[in-house]
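Trainee:
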Amino acid sequence: MKNKTIFFCNNCGYETPKWMGKCPGCGTWDAMTEERIESQSVGSLTKTTANKPEKLEEISFENQQRHMTHISELDRVLGGGIVEGSLVLVGGDPGIGKSTLLLQMCESVDCNSRILYISGEESTRQIKMRAQRLSVKNDRLLILSETELGNIIETIVQYKPEIVIIDSVQTIYDSSLTATAGSVSQSNLEN
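First residue of the sequence shown: 1, per the numbering used here; consecutive thereafter.
1. To the nearest whole angstrom, what separates the beta carbons of T147 and Y117, a pair I think is in contact under 8 Å?
2. Using the Cα positions of T171 and D75, report the straight-line distance between them to the nearest angstrom.
3. Rounding to the nearest angstrom, what Cα-Cα distance links T5 and N138 in this structure?
4. I think E162 touches I115, with their Cβ atoms under 8 Å apart; what is that distance to the nearest whole Å?
5. Could you tell me the distance, in whole angstroms, from the CA atom of G85 to the CA atom of N51?
6. Since G81 and T69 should fall inside the 8 Å C-beta cutoff, what is the C-beta to C-beta distance between them, to a whole number of angstroms?
7. Among residues of its own chain, excluding the 5 on either side of L56, which ones have a beta-carbon nearer than 7 Å to its beta-carbon?
8. Where does G79 sit, in a helix, a strand or coil, going by DSSP?
9. Quick one: grab the DSSP three-state call for S99.
10. Check for me: the alpha helix (DSSP H) holding L149 runs from which residue to which?
11. Apply the 10 Å Cβ neighbour rule to S168 and answer buried if 16 or more other Cβ atoms are within range, or exposed otherwise.
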């Protein structure tokens, strides 16, 4: 592994190998931040089995299960519920109610197994207080306050939940990278 320095714009995320006074991406002055990252050579990456393309007509989905949330607008947007094996990114302005909606969904969703709600911004007590305010009661709901990716993966492997909620994804970091949580290199898969 070798160290590499990049500069990224705090405003728009534009990356460049050299410092610039003005970001070419958004035009903001003095917004470039230096970040040192360890880059791995392609040969040092773990090999996985690659997926192969399939003909559209040959893809079967008869047994594809959906978990109805019983929140009508959410089910409508999700096409009838959460598809098993899918990833759903819920976005919106701060304070708009994303965490509240997800916690409400934990109570109403059709799920016979565990649901793991991972919070990177709030303590378990804060989530419990919101759950009480919303009258959310679900004995299959597990709450974890954690931001380190390795610990999160270990918890998922150990408890084998059917649904995992990560609130919010920009707080999660990989301790094997030298960058801070939410930074450009923590977010990029290529690093």
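C-beta atoms are modelled at their ideal positions from N, C-alpha and C, and glycine is treated no differently.
Mentor: Concretely, from the data shown:
1. With a Cβ gap of about 14 Å, T147 and Y117 do not count as contacting.
2. 27 Å
3. 47 Å
4. 7 Å
5. 15 Å
6. 6 Å
7. none
8. coil
9. helix
10. 149-159
11. buried
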